[in-house]
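The structure under discussion appears below in the form of structure tokens.
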Amino acid sequence: MGSAFLLHALVPAGGGVQLWAEKVAGRQIVMRAEDIPAGQWPDELRAVLAAKPLRSRGQVLVSTPSGKPTTLAIPTAAWVPEQSIALLEHLRRIAADPEVCAGLSPEVIFLIDLFEYVEATVKAGRVMVRMERQDQQWHPRFTLATAGEHSAVFNEFRQQLPVVLARNGNGDVVGDAADDWAHWMAVSLITDRARPPEYEELHSPLVTDLLAGRATAKAGPATVSALNEWRSSARDAATQLVFRLTDPADAREVGELVASSLAEDRATANREREQDRAGDDAAKQFTWRLEVGLSVDGAPAESVNASTTGNEQARRIQQRLHQAAKVWPRLGRHLGPVDRWATVGRWVPPEAAYTGDPALDRQLAFSVDLDDVADLLDTKASRLQEAGFPVMIPRAWAPKTTQVGATFQAVGSGPGSGKLGMDQLLDFEWNLSVDGTPVGESDKLELMSSARQIVQVNGQFVFLDKSSLSKARGWLNALTDAAEKDAAELSEVTLAELLEAEAAAEAHRGENPDHNIRVDMDGWVRQLFDRENVVAPARQVELPATVLTELREHQRRGVNWLAWMAEHGLGAILADDMGLGKTLQVLALLAWEKEESSPEGSGEDATGPTLVVAPTSVLAAWQSEATRHIHGFSVLVDHGAGKVTDAEFPEHARQADLVVTSYGTVARNPERYQKVRWRRVVADEAQNIKNPATKQSRAVRGIPANHHIALTGTPVENRLSDLYALMDFANPGILGSAAAFQNRLAIPIERYQDVGATERLKRIVEPFILRRLKTDPAVGVALPEKREHVETVPLSAEQASLYQAYIAQVEEALEQGSASRRGLILASLVKIKQICNHPAHFAGDGSGILRGDKHRSPKIERIFELIGQAVAEGKKVLLFTQFPSFGRMLAPAIEAEYGMPVLQLDGSVSRSRRTELVAQFQRDTGPGVMLLSVRAGGTGITLTRASVVIHIDRWWNPAVEDQATDRAYRIGQERDVDVYKFVSAGTLDERIHEIITGKRDLAGSVVGEGEGWIASLSDEDLAELWQLRESSDVSAADATSVATKVPGADNQSEGGSR
């Protein structure tokens, strides 16, 4: 909201500041401060205007509402220069209030800004002293330094000076005001620190008079001259030597103008010299002119007129040029004429720089050749700039960007074509331009292979940007290498070859956002590479009525994307966060394909069956989800005793819309599935095929199909080899061989954090992966909050003594070498986890969770507290452990404590029983606690009735724990979810947790492999890793109260195998 009144300002010729006020409505001048009604203007501004009497002090030049200048007798309040400091300081302070600021005119705000900068300049010590003659007396005054960065800022203030201040001021309004304020600011700052009589003790009448603001009788001509010399020397020190480069076109133009007025003999001599150089390289026929100029305080450089420059100045220029030659050594070859000029006082231009124009020939300048210019433009110009020698280069001689323009079009990309996946042939044409100017066919191949930066393009010399030239060459080389053809022969490439070249080019995009490689693609190829459109391509799927469930927006986009990828024969990785409905998206895609009677161009197998290969634990989920979401959908679960024979299977499969089987079934009998030509193969929980060398992975990859989809919530669970496996399943061969991928991308990224390799990999895989997170605003899931709690719990005395005794015996066994070292270490890790859980879990002696009425493990005691709290609040609880045997130990104790049944789900539970357990838990009246093994219960099920998730023991791969947690934290969850994880203080458990939380990159690339990495540590490293820290130490008496026998290396627990 605007102010009803505005405060205006003037800076009169005599110095100081004057203020006046105006009523905005009607542009009325305020004649008296008391005429401003209370409440219509901030009290602070009313007080300022009332501080001094308003009187007419002469005519003020202002603008009428129509903009016409006019003079008026305006009453103003006046502050002399010394008083202006306090006034402007007060205005600056109150202007911080937005309401006050709204009542200030632009010129008042300008003066406040100028005041602030003057104050900063003075406080920075950028002041000097000058003598001012007034009334036949010398007055010493502080003045702003004659040189420095502040001079440029004051020039900017001069350019922004409001018109009203300029019209009513005198000459340099900004400079005069700044000088006045600087004097009184300096006096104030000094006197605040050295009040009289302290500065009287300086025994300098001049300084005393300066600080007192009075005339001095002690200043004579010598003092005035010395102060002037001081300020002049500062200005000299702020003078920069500047080089200005002109190109051959300028020289030729001058030569043509001069030639018409020169005598014939001079023209003849020039022709003879040209004939002498006829055998040289054509580029050497041209010379460039390098002029020398001087710039003061960053002002535009002025040429040095050698004939009028004084001897002292000439010697200073000579010295500076030799300093510049240390930065740019090639310059030293041209300084002979400068040395003679500085010595004898006469300038004779070098012959090659001679133009015949008297004005030009009197300027200090040199003639430089092509090699000099290339060296200057490449690196030396920037180094000279850094050394304090600016180099001015004509706009036309800025580095020219080379741009490769490539056009790709799918061969026969009309209806019914362009669906050959990675082998799709693309017509290819390429062109080259320099700074937007096309390069002719005869020049482009030569230019891409030239080693020089200054070249002739289309008859003109240009300086090529080395970086862009390198990137353009790199992109073309990558494409020709991938296609195994020369650039001159390249007319067709495959989609895979284009991806490889695009990946190579992408490595440079981070260095230069204005990327110099333009790729134009037609049709569906452009859609694939359109990064802005990757989640929602042009294909919009109209879901049939058979899809009974209303899809969320992100799921609709996912179906569109899957349909578009399938239509073009491109494998897809749907890597949505766990709980976002990957299964539903695939089922909706199949329903749409079934509804399409004959998808255009998709071939006779397009409506064939889809095979889903999944963990056994989720087979029933696929069947139930299909029944629930899709009407009339035929699902064949090919698993267990109910399977048909191998001979009958192909026919049964062809009659089904969807066939679901397990990884284990495919691995045991791959031939059964190779007999059917599948529309597609879907790998659910696709991390199960992350190791390409396993029998299971080979079997799944060997199933013939037109299309592949990988479903996973963790595309990179452990290492980049996981991603390679998924990409190779979805689009075989896209990343080359496993060994090549490891050497070219995985090792540089994982071991050396190579940014270029990371960008190349991202560029290749990005079009084929769709990943959305539950936390993405675009997903719009709006899940409730998830709170993670990591609690550190101590060991009991019993646990700590077991821990110490067991570690000691393991170390002894390692020293003796009595068993397989690796086997012993891995077995010991399992046992250490068991000790951290509970003494009875480690001992396996059938003893109880409690001893009497007391807990034997603080961790379990805390878990019981959490369960009790959840039950009291009406919440349901999931308990995850990697040890099913420990779950069976805990369940009876929990049931006895809380008088309710505890559901148990692990690898021993049948598929039907598993489905029944999930249904029981999801009912409002069902049991409130479920114990699950991480591997069996961590994937493929929905348990959203739970709002408390407890990880009893740590799985040393965070992704596995996250998967388990997401059984509860997914679509359908209506309550905040609390996740509890426990770390046993002072133990190996704590050290592993530190690695996972403090070095997640390491956890992803090393620890995430499992526990095998620990087995490779030395004995000393192991001792450091699992040594019991003081936080869980027990007394000697406690430690000897428990006798423990070290299990043999072959005494393996079920550990993580279930």
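In the working numbering, the protein residues as written are 1471 to 2528. No residue lacks a Cβ here, since even glycine has one placed at the ideal position from N, Cα and C.
- Continuous alpha helix (DSSP H) stretch holding Q2529: start and end: Because the chain in this structure spans residues 1471 to 2528, residue 2529 falls outside the shown range and cannot be described.
- Message: Counting C-beta neighbours from all protein chains within 10 Å, is the total for H2259 16 or more, i.e. buried, or is it exposed?
- Response: exposed
- Item | Contact the region 1480–1498 vs the region 1551–1559: 3+ CB pairs below 8 Å | yes
- Buried or exposed: where does Y2439 fall if 16 or more other Cβ atoms within 10 Å of its Cβ makes it buried? Looking at its Cβ environment, which holds 16 or more other Cβ atoms inside 10 Å, Y2439 is buried.
- Task: For the beta strand (DSSP E) containing S1765, list its first residue and its last residue.
- Result: W1758 to V1766
- Task: Please report the residue range of the beta strand (DSSP E) in which V2341 lies.
- Result: Element bounds for V2341: not the beta strand (DSSP E) but the alpha helix (DSSP H), P2328 to A2342.
- Taking the alpha helix (DSSP H) that G2293 falls in, what are its first and last residues? R2291 to N2307
- Task: Look up T1709 in the DSSP assignment and say whether it is helix, strand or coil.
- Result: In this structure, T1709 counts as strand in the three-state DSSP scheme.
- Message: Under DSSP, the alpha helix (DSSP H) around Q1783 begins and ends at which residues?
- Response: N1781 to V1797
- Going straight from the alpha carbon of L2106 to that of T2115, what length do you get? L2106 and T2115 have their C-alpha atoms some 13 Å from each other.
- Query: Less than 7 Å separating the beta-carbons of P2014 and A2061?
  - Reply: yes
- Message: Going by DSSP, what residue range makes up the beta strand (DSSP E) through D1479?
- Response: Checking the sequence shown, residue 1479 turns out to be Ala, not Asp. Here the beta strand (DSSP E) through A1479 covers F1475 to L1480.
- Message: I need the straight-line Cα distance from V1431 to R1832, nearest angstrom please.
- Response: For residue 1431 there is no data in the structure shown, the boundaries of the chain being 1471 and 2528.
- Message: Strictly by DSSP, which residues pair up with K2135?
- Response: One detail in the question is off: residue 2135 reads as Thr in this sequence, not Lys. None, per the DSSP bridge assignment.
- Reducing DSSP to helix, strand and coil, say where K2052 ends up. Residue state, collapsed to three classes: helix.
- Item | At least three beta-carbon pairs within less than 8 Å, the region 2359–2374 to the region 2395–2411 | yes
- Item | Through-space distance from A1851 to Q1789, alpha-carbon basis | Looking at the backbone, the Cα of Q1789 and that of A1851 are separated by about 19 Å.
- Query: Is the region 1534–1554 touching the region 1591–1600, taking contact as three or more C-beta pairs under 8 Å?
  - Reply: no
- Alpha-carbon to alpha-carbon, V1643 and V1481: 7 Å
- What is the DSSP secondary structure of L1834, reduced to helix, strand or coil? Judged by DSSP in its simplified three-state form, L1834 adopts coil rather than helix or strand.
- the region 2227–2247 contacting the region 2417–2426, beta-carbon criterion three pairs below 8 Å: no
- Item | Whole-number beta carbon distance between R2384 and A2090, since they are thought to touch under 8 Å | The distance from the Cβ of A2090 to that of R2384 is about 7 Å, consistent with a contact at the 8 Å cut-off.
- Give me the Cα-Cα distance between V1849 and E1586, rounded to the nearest whole angstrom. Here residue 1849 is Thr; the residue named in the question, Val, does not match the sequence. If I take the Cα positions, the gap works out to 40 Å.
- Message: Could you compute how far the alpha carbon of G2078 sits from the alpha carbon of T2409?
- Response: 28 Å
- Task: Please look up how many angstroms separate the CB atoms of R2242 and D2046, rounded, as I've assumed it's under 8 Å.
- Result: 5 Å
- Query: Comparing alpha-carbon positions, which option in A1521, G1537 and S1536 lies nearest A1548?
  - Reply: A1521
- Neighbour-count burial assignment, S2271, 16 or more Cβ in a 10 Å radius: buried
- For D2154 versus A2084, is the C-beta distance shorter than 7 Å? Remark: C-beta atoms of D2154 and A2084 approach each other more closely than 7 Å.
- Cβ pair L2348, A2416 closer than 7 Å: yes
- Whole-angstrom distance between G2344 and D2448, CA atom to CA atom: 14 Å
- Cutoff 7 Å; reference G1537; Cβ partners in own chain excluding five residues on either side: Here the set comprises nothing.
- Item | Spatial neighbours of P1983 in its chain, beta-carbon cut-off 8 Å, leaving aside the 5 residues before and after | Below a pLDDT of 50, predicted positions are generally treated as unreliable, and P1983, at 38, falls in that range; the measurement from the model is reported next regardless. None.
- Message: Residues in the same chain with beta-carbon distance under 8 Å from T2053, minus the five sequence neighbours each way, listed in chain order, please.
- Response: For T2053, the CB contacts under 8 Å within the same chain, skipping 5 residues up- and downstream, are A2091, W2092, E2095, D2154 and L2181 in chain order.
- Message: Strictly by DSSP, which residues pair up with Y2276?
- Response: Per DSSP, none; premise fails for Y2276.
- Item | Where P2120 sits in the DSSP three-state scheme | helix
- Query: At a cut of 8 Å, does the region 2281–2299 reach the region 2330–2338 through at least three beta carbon pairs?
  - Reply: no
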